[in-house]
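Q:
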Amino acid sequence: MNNPESWGFETRAVHAGQEPDETTGAITVPIHLATTFVQSAPGEHHGFEYSRTSNPTRVALERSIAALEGAASGHAFASGMAAENALVGLLHPGDHVVLGLDAYGGTFRLIARVYGERGIDWSTVDLSDPAALAAALRPETRQVWVETPTNPMLTVVDIAALADTAHAAGAALIVDNTFATPYLQNPLALGADIVVHSSTKYLGGHSDVVGGFVAVNDENLAEQLAFVQNAAGAVPSPFDCYLLLRGVKTLGVRMDRHCDNAAAIVDFLAGHPAVSSVLYPGLAGHPGHAVAAMQMRRFGGMVSCVLRGGEQAAVAAVSSTRVFRLAESLGAVESLIEQPSTMTHLSVADSPLAVDPGLIRLSVGIESIDDLLADLDEALH
Ligand code: P1T
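In short: position in the sequence shown from 1, add 10, done, that's our numbering.
#1: Ordered along the chain, which non-local residues of its own chain (more than five positions away) have a Cβ less than 6 Å from that of residue 125?
#2: Within its chain, find whatever has a CB closer than 7 Å to the CB of residue 321; leave out the 5 residues flanking it on each side and keep chain order.
#3: With C-beta atoms as the reference, is residue 341 less than 7 Å away from residue 211?
#4: Assuming residue 238 contacts residue 96 (C-beta within less than 8 Å), just tell me the rounded distance between them.
#5: To which residues does DSSP link residue 370 through a beta bridge?
#6: In whole angstroms, what is the alpha-carbon distance linking residue 224 and residue 391?
#7: Between the alpha carbons of residue 138 and residue 296, how many angstroms are there, rounded?
#8: Quick check on residue 77: buried or exposed, where buried means 16 or more other Cβ atoms within 10 Å of its Cβ?
#9: Would you report the Cα separation of residue 142 and residue 86, rounded to the nearest angstrom?
#10: Between residue 193 and the ligand P1T, is there a pair consisting of the residue's CB and a ligand heavy atom that are separated by less than 6 Å?
#11: Can you say whether residue 23 is buried or exposed, counting buried as having 16 or more other CB atoms within 10 angstroms of its CB?
#12: How about the stretch 298-306 and the stretch 160-172: do they share at least three Cβ pairs that are nearer than 8 Å?
#13: In whole angstroms, give me the CA-to-CA distance for residue 190 and residue 161.
#14: Quick check on DSSP: helix, strand or coil for residue 175?
#15: Considering Cα atoms alone, identify which of 159, 109, 108 is closest to residue 314.
#16: List, from N- to C-terminal side, the beta strand (DSSP E) runs of 3 residues or more that fit wholly inside the stretch 254-313.
#17: Could you tell me which residues DSSP puts in a beta bridge with residue 10?
#18: Go through the stretch 118-155 residue by residue and report every complete run of the alpha helix (DSSP H) that reaches 4 residues or more, in order.
#19: May I have the straight-line CA-CA distance separating residue 183 from residue 264, to the nearest angstrom?
#20: Which residue marks the beginning of the beta strand (DSSP E) containing residue 74, and which one marks its end?
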């Protein structure tokens, strides 16, 4: 029982990578602000040389989240996009990438706009159908990028099936686990090669830190990522690492409340006359429900719905809630509401990933459920 490898999720969340400080006994990981570390002779040191390359607070964070993902190694970045950029940076001109038909707008923008114009080829495919992926793979395909559940359509894809399909063609499967978090889903255990996070969201959990994370098992990949992390230098500050270490400790507890509140809100929205459809993997009628039940512990805190009144009704609803704050981002203790087509997913307008302007996205927080329901009831009347 006392072997950290066998600890349950909540025990790992509190303790993995976060051992008391060896010199002082401090129970929390110190914020190591030093940019450089003394050497007794060139190359002889305590494991740290320069803070961009490695920093003790960052190492604690990297061990912590890697342990939650069941990964051999973790790499922290200054934002989710910086983490994604490190992954696209592994590609060479002429390489091909497959993207889902539904992804965070920034991911699409990075691959299609930044790298697409510099020799990386890409295509989009409905990843909820593994046969469609098989048809889209080419000899030059190196990476398949997957979100599950997706942002903002909450589409679920079968990680194990897509991993098999991608591997058969020699491509790596990258899973953005931001929506599910390692508490609800562990993509590496399901066959994915790489897990990426916007740790700005549930991992941090309090809307006060921007960060990104990559977790892998393959040693060679880990080496390449450590090289890019140091060479490109998009690393998080020690204070950001500390905030994330603090946030991660309560991840499991917060996720359970997010899931409880989301389930109650889904029930309410599903019976509401102003709502034409509710997108949530926990609904028995959701096309990905069976796969989600198989690969996720619970169904998450993100809910999207389409309003009967279309764009006008969506703008009115997101502008009139009071407990749900109108804002981009997600995954924190406070509930947020937004219209993806004009906000988080504006960069996919006029692309195959364009979002219905009548769709609204809710990041359900941990507030009292009665207040959240009353707020939505008033906004949707
Ligand atoms: O914002 P940043 O930490 O750089 O992470 C980018 C990112 C990556 N992947 C997913 C699934 C995301 O949702 C995000 C960021 N998303 C929002 C800001 C949003 O409101 O959807």
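Here a beta-carbon is modelled for each residue, glycine too, at the ideal position from N, C-alpha and C.
A: In short, the structure shows the following:
#1: Sequence index remark: in the sequence shown, residue 125 carries index 115 (1-based). Correct list, in chain order: 98.
#2: Within the sequence shown, the letter at position 311 stands for residue 321. In the same chain as residue 321, and ignoring 5 residues on each side of it, the C-beta atoms closer than 7 Å to its own belong to 367, 368, in chain order.
#3: As a first step, residue 341 is located in the sequence shown; it is residue number 331 there, counting from the start. As a first step, residue 211 is located in the sequence shown; it is residue number 201 there, counting from the start. Contact: yes.
#4: For the purposes of this step, residue 238 is identified with residue 228 of the sequence shown, where counting begins at 1. For the purposes of this step, residue 96 is identified with residue 86 of the sequence shown, where counting begins at 1. So it is a contact: roughly 5 Å between Cβ atoms.
#5: Looking up residue 370 in the sequence shown gives position 360. In the DSSP output, where bridge partners are listed per residue, residue 370 has 315.
#6: Translated into positions along the sequence shown, residue 224 becomes position 214. Translated into positions along the sequence shown, residue 391 becomes position 381. Their Cα atoms are separated by approximately 43 Å.
#7: Against the sequence shown, residue 138 aligns to sequence position 128. Against the sequence shown, residue 296 aligns to sequence position 286. A direct Cα-to-Cα measurement between residue 138 and residue 296 gives close to 12 Å.
#8: Working through the sequence shown from its first residue, we reach residue 77 at position 67. By the C-beta density criterion, residue 77 is buried, having at least 16 other C-beta atoms within 10 angstroms.
#9: Within the sequence shown, residue 142 is the residue found at index 132, counting from 1. Within the sequence shown, residue 86 is the residue found at index 76, counting from 1. One C-alpha to the other measures close to 33 Å.
#10: Numbered from its first residue, the sequence shown carries residue 193 at position 183. Not so, every heavy atom of the ligand P1T lies at least 6 Å from the Cβ.
#11: Within the sequence shown, the letter at position 13 stands for residue 23. Buried, since its Cβ has 16 or more Cβ neighbours within 10 Å.
#12: Two segments are said to touch when three or more pairs of C-beta atoms, one from each, lie closer than 8 Å; by this definition the stretch 298-306 touches the stretch 160-172.
#13: For the purposes of this step, residue 190 is taken as the residue at position 180 of the sequence shown. For the purposes of this step, residue 161 is taken as the residue at position 151 of the sequence shown. About 11 Å.
#14: Position 165 of the sequence shown holds residue 175. Helix.
#15: Looking up residue 314 in the sequence shown gives position 304. Considering only alpha carbons, the answer is 159.
#16: Within the stretch 254-313, the runs of beta strand (DSSP E) at least 3 residues long that lie entirely inside it are, in chain order, 285-289.
#17: Residue 10 falls outside the range modelled here, since the chain spans only 11 to 391, and no answer is possible.
#18: Complete alpha helix (DSSP H) runs here, min 4: 140-146.
#19: In the sequence shown, counting from the first residue as 1, residue 183 sits at position 173. In the sequence shown, counting from the first residue as 1, residue 264 sits at position 254. One Cα belongs to residue 183, the other to residue 264, and the distance between them is close to 28 Å.
#20: For the purposes of this step, residue 74 is taken as residue 64 along the sequence shown, with counting starting at 1. Run containing residue 74: none in the beta strand (DSSP E); it sits in the alpha helix (DSSP H), 66-79.
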